[in-house]
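Numbering (our numbering), first residue to last: 166 to 550. Where is the CB? At the ideal position from N, CA and C, for every residue including glycine.
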């Protein structure tokens with residue numbers, strides 16, 4: 166690794182160091198770094214436990230336990246300057262122990278982690294948010310034998326890399342990450358790179374897995390709740406179109422719990438939500454720029470009294486300060502999974518979606534013009550300066 170001196174147009178080699186020489190320890194340092202920034206391992210991961218020891222009849226502890234975006238458990242084993250000979254066997258044992266964990270057990274494991282490190286946080290909410298699910302019923306965790314292994318060390322012995330390559334050939338997702346500290350003066354740097362499989366090989370393997378993923382998607386569509394949603398949206402769309410809500414003319418029934426229609430502003434939608442316990446109509450503000458989302462929401466919020474009176478029913482104004490998106494919501498409780506309730510539920514959705522469009526279409530169109538004319542949040546910041 167090199168440092169670039171732009172002033173002199175030269176590079177300088179950084180000194181490769183050993184963790185032991187720097188007084189750095191596996192649990193106190195490397196483990197904490199990865200727990201604090203799991204994305205350093207090349208993908209979004211949700212750390213759900215550290216030093217996990219919830220195995221029957223053994224006192225063994227795995228370093229980090231995580232969930233990936235597919236809801237699979239990821240066993241992360243950290244070593245420092247040398248992987249040792251037995252790290253693969255150790256990680257495999259942990260994966261085998263974890264293979265029997267149920268959804269409820271995984272939630273309890275994560276909740277105990279949050280209770281210790283982030284008091285007040287709710288495991289169910291965090292998992293649903295991470296996986297992009299409306300509720301936990303839709304989430305599948307730790308399916309089949311899809312547990313994954315991530316091994317982290319400065320150097321890997323040949324027997325370890327050979328074992329990992331063999332596991333990969335048998336569809337067990339295992340990875341080796343080389344982590345090396347470097348120094349320059351008092352500054353310390355860390356180089357973390359995936360070495361097995363190489364990024365090129367990983368891309369190839371992802372391509373080979375596409376067919377399997379498509380087959381799983383097809384199977385997922387056949388699940389009862391997905392069939393239920395498809396049937397519901399078929400009926401709902403028919404009534405929406407009959408009522409003259411033309412924004413939904415080109416929308417197809419979906420297995421998802423939501424349907425979006427365009428408002429005329431990019432990233433802002435009129436949304437219908439069908440869930441087990443309620444129906445909702447929403448203005449969803451999900452532009453790529455968080456500042457623009459908050460600006461659009463705040464401009465509408467300034468008209469809250471007028472818009473609320475025109476809408477004619479209670480609205481929840483959800484700015485969601487800690488998130489990129491914002492929502493304006495009207496909800497009604499229903500037993501959505503009882504088909505006998507669908508006519509009334511769809512009638513409510515149709516009526517209130519009409520109210521939503523009548524109320525918000527013109528204000529959103531006006532804000533869209535302002536954004537296009539450069540009168541959005543950036544302009545406000547310039548004026549403030």
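- Annotated three-state conformation of residue 425 is strand, per DSSP.
- In the structure shown, residue 229 falls within a strand segment according to DSSP collapsed to helix, strand and coil.
- Residue 244 counts as buried, since no fewer than 16 other beta carbons sit within 10 angstroms of its beta carbon.
- For residue 330 and residue 299, the gap between their C-alpha atoms comes out near 37 Å.
- As a beta-bridge residue in DSSP terms, residue 356 pairs with 345.
- Counting only unbroken stretches of 3 or more residues, the beta strand (DSSP E) elements lying wholly within the segment 237 to 271 are 238 to 243, in sequence order.
- Secondary structure note for residue 323: its alpha helix (DSSP H) is the uninterrupted segment 323 to 334.
- One alpha carbon belongs to residue 529, the other to residue 395, and they sit about 30 Å apart.
- DSSP, read as helix, strand or coil, puts residue 445 in strand.
- Restricting attention to 311, 301, 305, 341, the CA atom closest to the CA of residue 320 is found in 341.
- Assignment of residue 511 by DSSP, reduced to helix, strand and coil, places it in the helix class.
- A Cβ-Cβ distance of about 5 Å is found for the pair residue 314 and residue 240, placing them in contact under the 8 Å criterion.
- Contact check for residue 213 against residue 271 passes: the beta carbons are separated by less than 8 Å.
- Look at residue 187 here: in three-state DSSP terms it is coil, with no helix or strand label.
- If the five residues before and after residue 541 are omitted, its C-beta is found closer than 7 Å to the C-beta atoms of 457, 460, 535, all from its own chain and listed in chain order.
- Along the segment 426 to 497, the beta strand (DSSP E) occurs as fully enclosed runs of 3 or more residues at 433 to 439, 443 to 450, 481 to 483, listed in sequence order.
- Nearest to residue 268 by alpha-carbon distance, out of 292, 306, 476, is 306.
- Close CB contacts of residue 289 within its chain, under the 7 Å cut and outside five residues either way in sequence, are with 272, 301 (chain order).
- For residue 265, the closest alpha carbon among the candidates 499, 309, 281, 236 is that of 309.
- Per DSSP, the unbroken beta strand (DSSP E) holding residue 211 starts and ends at 211 to 217.
- The C-beta distance from residue 346 to residue 184 rounds to 6 Å, short enough to fall under 8 Å.
- Per DSSP, the beta-bridge partners of residue 168 are 177.
- In the three-state DSSP reduction, residue 308 falls in the coil class, being neither helix nor strand.
- For residue 313, the enclosing beta strand (DSSP E) starts and ends at 313 to 318.
- Taking all protein chains shown into account, residue 176 has fewer than 16 neighbouring C-beta atoms within 10 Å of its C-beta and is therefore exposed.
- DSSP places residue 417 outside any alpha helix (DSSP H), giving it a letter other than H or E.
- In the three-state scheme derived from DSSP, where H, G and I count as helix and E and B as strand, residue 340 is classed as strand.
- Contact annotation: residue 218 and residue 226 have beta-carbon atoms nearer than 8 Å.
- Following the DSSP letters along the chain, one finds residue 203 in no alpha helix (DSSP H), marked with neither H nor E.
- In this chain, the alpha helix (DSSP H) harbouring residue 394 covers 389 to 407.
- Judged by beta-carbon spacing, residue 507 lies within the 8 Å limit of residue 400, meaning their Cβ atoms are closer than that value.
- Using a Cβ distance threshold of 8 Å, residue 416 and residue 393 do not count as a contacting pair.
- With contact defined as three or more Cβ pairs closer than 8 Å, the segment 435 to 455 and the segment 487 to 499 are in contact.
- Cβ-Cβ distances below 6 Å link residue 263 to 238, 312 in the same chain, with the five nearest sequence neighbours on each side left out; the list follows chain order.
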